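Student:
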Amino acid sequence: MTVVTVGVHIVDVLARPVESIPAGQDTHLLEQIRITAAGAAAGTAVTLAKIGVPVASMGAVGDDELGDFLLMIMARHGVDVSGLVRRQGEQTAASILPIRPDGGRPSFHVPGANLGLATADLDADRLTGAKVVHLGGMDVTWGLHDPAFFELLDKAREGGTTVTLDLLSNMPDLMPGVRAFLPHVDYLLPNEEQALMLSGAATPEEAAAALLAEGPTGVIVTLGAAGSLVATADGVTRVPALDVPVVDTTGCGDAYCAGFAAGLLHGRDVLGAARLGTAVAARVAGGLGSDAGLDGFVAAGHGPDA
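This is how it looks when you write it as structure tokens:
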């Protein structure tokens, strides 16, 4: 596979628009409900497949109906799911997302089988043979906070693999463990809140500089409606977001990571890859769920090699 995503796999149940939770047994009628494959590894993999990039995903799901659905829908979109392990007696990670009219997304979440993913679950040969490895949600995949996994990443990079890293949560207690990954990755892609918590800095620019000093080749901080900030040894550049109507921000970070990885894969420089990530994220923001808005993306001339 050209790209391998490793990490968090979640089933999302999304509903919109939700202004409040009904009291008692009341019912609110909605415009739309969807169920999707999501999470910092699964969501990124589905987006990559939908924009025409061959991709396999590795992670852990339960042996339940949610796991059945997750594998089915990812495979339907074109993701190779043979690297996903099934955990007997465990639940597949899942979230319920009541989407506000402004696109905001509070969540109810069960971490499930993601927490137990370990180095022994991964196909080392497939990982080291990939052109890009995307690590999604290393803050919550505690079994991969493992020297053996760091050695595997180093081996992959020595062989020419590019490693990118994204996070899942905004929980301060989970941030310290992430820093152990920084010497073993090429590009770190946190959101603004994560970057500030990871670094202890006061601004995104200061955070990017501090995190860059810990080992990555580049730090790309996503800033929501303000776009993103790209920091490398050559300096810091702001990449503006696209002005689009926002339906739901679920999966926009995963979509940005997918576009960024696809851009690197097709020979774009870091800024060019960031701009592709921006374009993919903007399409996803225009619909409900982490895979929304991407049908026809390549046909419209917006693919990674455009």
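Going letter by letter, the sequence shown gives residues 1 to 306 in full-length UniProt numbering.
Where a beta carbon is used, it is the ideal one built from N, C-alpha and C, also for glycine.
This structure is a prediction, so every number in the text was calculated from the model and none was measured.
Going by C-alpha distance, which of ARG179, HIS266, ALA49 and PRO245 is nearest ASP103?
Tutor: Here residue 103 refers to the residue found at position 103 of the sequence shown. Here residue 103 is Gly; the residue named in the question, Asp, does not match the sequence. Here the closest residue by C-alpha is PRO245.
Student: When the distance is taken between beta carbons, is THR164 closer than 8 Å to ASP186?
Tutor: The residue labelled residue 186 in the question sits at position 186 within the sequence shown. The residue labelled residue 164 in the question sits at position 164 within the sequence shown. Taking 8 Å as the Cβ cut-off, ASP186 and THR164 qualify as a contacting pair.
Student: Where GLU192 and GLY289 are concerned, what is the direct C-alpha to C-alpha distance, given to the nearest angstrom?
Tutor: Residue mapping note: residue 192 aligns to position 192 of the sequence shown, counting from 1. Residue mapping note: residue 289 aligns to position 289 of the sequence shown, counting from 1. Between GLU192 and GLY289, the C-alpha separation is close to 21 Å.
Student: Which residue from PRO216, THR203 and LEU229 puts its Cα closest to that of VAL178?
Tutor: Here residue 178 refers to the residue found at position 178 when the sequence shown is read from its first residue. It is PRO216 whose Cα lies nearest to the Cα of VAL178.
Student: Does the Cβ-Cβ distance between LEU188 and LEU182 come in under 8 Å?
Tutor: As a position in the sequence shown, residue 188 is number 188, starting the count at 1. As a position in the sequence shown, residue 182 is number 182, starting the count at 1. In contact: LEU188 and LEU182 (Cβ atoms closer than 8 Å).
Student: What residue range is occupied by the uninterrupted beta strand (DSSP E) comprising MET72?
Tutor: As a working note, residue 72 is residue 72 in the sequence shown. Taken as a continuous stretch (DSSP letters only), MET72 belongs to no beta strand (DSSP E), being part of the alpha helix (DSSP H) at 65-77.
Student: Whether or not the segment 118-138 and the segment 49-69 are in contact is what I'm after, with contact meaning three or more pairs of Cβ atoms, one per stretch, closer than 8 Å; do they touch?
Tutor: Enough Cβ pairs lie closer than 8 Å, so yes.
Student: If you check the beta carbons only, do VAL8 and GLY39 fall under 8 Å apart?
Tutor: Stepping through the sequence shown from its first residue, residue 8 is reached at position 8. Stepping through the sequence shown from its first residue, residue 39 is reached at position 39. For VAL8 and GLY39, yes; Cβs fall inside 8 Å.
Student: Where does the unbroken alpha helix (DSSP H) through ASP125 begin, and where does it stop?
Tutor: Within the sequence shown, the letter at position 125 stands for residue 125. Per DSSP, ASP125 belongs to the alpha helix (DSSP H) from 124-128.
Student: Alpha carbons only, please: which of ALA195, VAL55 and GLY200 is nearest the one belonging to ALA258?
Tutor: For the purposes of this step, residue 258 is taken as the residue at position 258 of the sequence shown. Comparing Cα-Cα distances from ALA258 to each of ALA195, VAL55 and GLY200, the minimum goes to VAL55.
Student: What residue does the alpha helix (DSSP H) around MET58 start on, and which one ends it?
Tutor: Looking up residue 58 in the sequence shown gives position 58. Where MET58 is concerned, there is no enclosing alpha helix (DSSP H), although the beta strand (DSSP E) it sits in stretches over 55-62.
Student: Quick check on ARG105: buried or exposed, where buried means 16 or more other Cβ atoms within 10 Å of its Cβ?
Tutor: Here residue 105 refers to the residue found at position 105 when the sequence shown is read from its first residue. The residue is buried, with at least 16 neighbouring Cβ atoms inside 10 Å.
Student: Is the beta carbon of SER228 sitting closer than 8 Å to the one on ALA274?
Tutor: As a first step, residue 228 must be located in the sequence shown, where it is residue number 228. As a first step, residue 274 must be located in the sequence shown, where it is residue number 274. Going by C-beta atoms, SER228 is nearer than 8 Å to ALA274.
Student: By DSSP, does THR2 sit in helix, in strand, or in coil?
Tutor: Here residue 2 is taken as the residue at index 2 of the sequence shown, counted from 1. Correct three-state label for THR2: coil.
Student: Give the DSSP-derived three-state secondary structure of PRO216 in the structure shown.
Tutor: Mapped onto the sequence shown, residue 216 falls at position 216. Note: PRO216 maps to coil in three-state DSSP.
Student: For PHE108, which residues does DSSP report across the bridge?
Tutor: Position 108 of the sequence shown, counting from 1, holds the residue named residue 108. For PHE108, which the question treats as bridged, DSSP gives the partners ILE96.
Student: What are the boundary residues of the beta strand (DSSP E) that includes ARG275?
Tutor: In the sequence shown, the residue the question calls residue 275 occupies position 275. Segment 270-285 is the alpha helix (DSSP H) holding ARG275; no beta strand (DSSP E) there.
Student: With DSSP run on the structure shown, which of helix, strand or coil describes GLU136?
Tutor: Numbered from its first residue, the sequence shown carries residue 136 at position 136. For the record, residue 136 in the displayed sequence is Gly; it is not Glu. The answer is strand: DSSP assigns GLY136 an E or B state.
Student: Check THR119 in the structure and name its three-state DSSP category.
Tutor: Mapped onto the sequence shown, residue 119 falls at position 119. Residue state, collapsed to three classes: helix.
Student: Reducing DSSP to helix, strand and coil, say where THR164 ends up.
Tutor: Position 164 of the sequence shown, counted from the first residue, corresponds to residue 164. Strand.
Student: So, helix, strand or coil for residue 313, using DSSP?
Tutor: Nothing about residue 313 can be read from this structure; the chain reaches only from 1 to 306.
Student: Can you tell me which residues form a DSSP beta bridge with THR36?
Tutor: Indexing the sequence shown from 1 puts residue 36 at position 36. Partner(s): ASP12.
Student: Return the chain-ordered ranges of every alpha helix (DSSP H) run that is complete within the segment 186-263 and spans a minimum of 4 residues.
Tutor: DSSP runs (the alpha helix (DSSP H)) wholly in the segment 186-263: 192-199 and 204-212.
Student: Would you call the segment 122-129 in contact with the segment 86-100, where contact means no fewer than 3 C-beta pairs closer than 8 Å?
Tutor: No, the segment 122-129 does not touch the segment 86-100.
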